[in-house]
Amino acid sequence: MKGSIVLTVIVSVVCPMAHMARVFVYGTLKKGQPNYFRMENTSHGQAEFLARARTVEPYPLVIATKYNIPFLLNRPGTGQRVYGEIYRVDQKMLDFLDRFEGCPERYQRTEIKLEVQDGDSGGENTPKPGSIEEAFVYSNHEPEWPLNQTYESYDAYGDHGLTYVLPEDRSPEQ
Ligand code: PCA
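For what it's worth, the working numbering labels the leading residue of the sequence shown as 899, then goes sequentially.
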């Protein structure tokens, strides 16, 4: 009896944590960017900011399609080390993000190595500055796209003038 109570307590503590994941966002999901509000919407699940970080390897970050969507191309070794933010998300938020990002058609969710910059000081899950961490990232494997302009830090409102079009505002035929 006592054993089963202990087991129940252990399972209820450990299981929710087993469903937490880390996601590195580098585009419109970052703070201050057009889709950040979706990360804050608790009806989508939970997302906790952990730290700012940049990729250990260089990648091409391009702005593509007629909707000016940012894509980190899965071609390590080309482009620049890309800046973004690491979040700790629950399974519900991860499922939401997969749907929102059109995974696995538009983006593929892959793993990436990151060098932590500065974090949410004191947070128990916050990785240390300088440490190397892994997280999921929504990247794209599109061998045809040209790399004439790559970015190290995406800003939808940057002087490139390529205004991001929200999914809600896109024409139905896409
Ligand atoms: N959303 C995801 C991938 C690109 C985008 O705009 C992100 O911010 O990481």
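Every residue gets a Cβ at the ideal spot worked out from N, C-alpha and C, and that includes glycine. Every value quoted in this text rests on a predicted model; they were computed, and no experiment measured them.
Do residue j and residue i count as a contact pair if the criterion is CB distance below 8 Å?
i            : j           : result
residue 1045 : residue 960 : yes
residue 1037 : residue 995 : no
residue 1060 : residue 932 : no
residue 985  : residue 974 : no
residue 945  : residue 937 : yes
Along the beta strand (DSSP E) that carries residue i, what are the first and last residues, could you check?
i           : result
residue 957 : 945-957
residue 919 : 919-923
Taking residue i as the reference, give the member of the options with the closest Cα.
i            : options                 : result
residue 1030 : 956, 1068 and 1013      : 1013
residue 1002 : 1021, 1040, 942 and 938 : 1040
residue 1023 : 1042, 987 and 997       : 987
residue 1010 : 917, 1060 and 924       : 924
residue 998  : 918, 1016, 917 and 935  : 935
residue 918  : 982, 955, 926 and 993   : 993
May I ask which residues mark the beginning and end of the alpha helix (DSSP H) holding residue i?
i           : result
residue 936 : 934-938
If we require 3 or more residues per run, which beta strand (DSSP E) segments fall completely within the segment 964-1043? 967-971, 978-987, 1006-1017 and 1030-1038
Going along the chain, which residues put their C-beta within less than 5 Å of some heavy atom in the ligand PCA? 923, 924, 925, 926, 927, 968 and 1036
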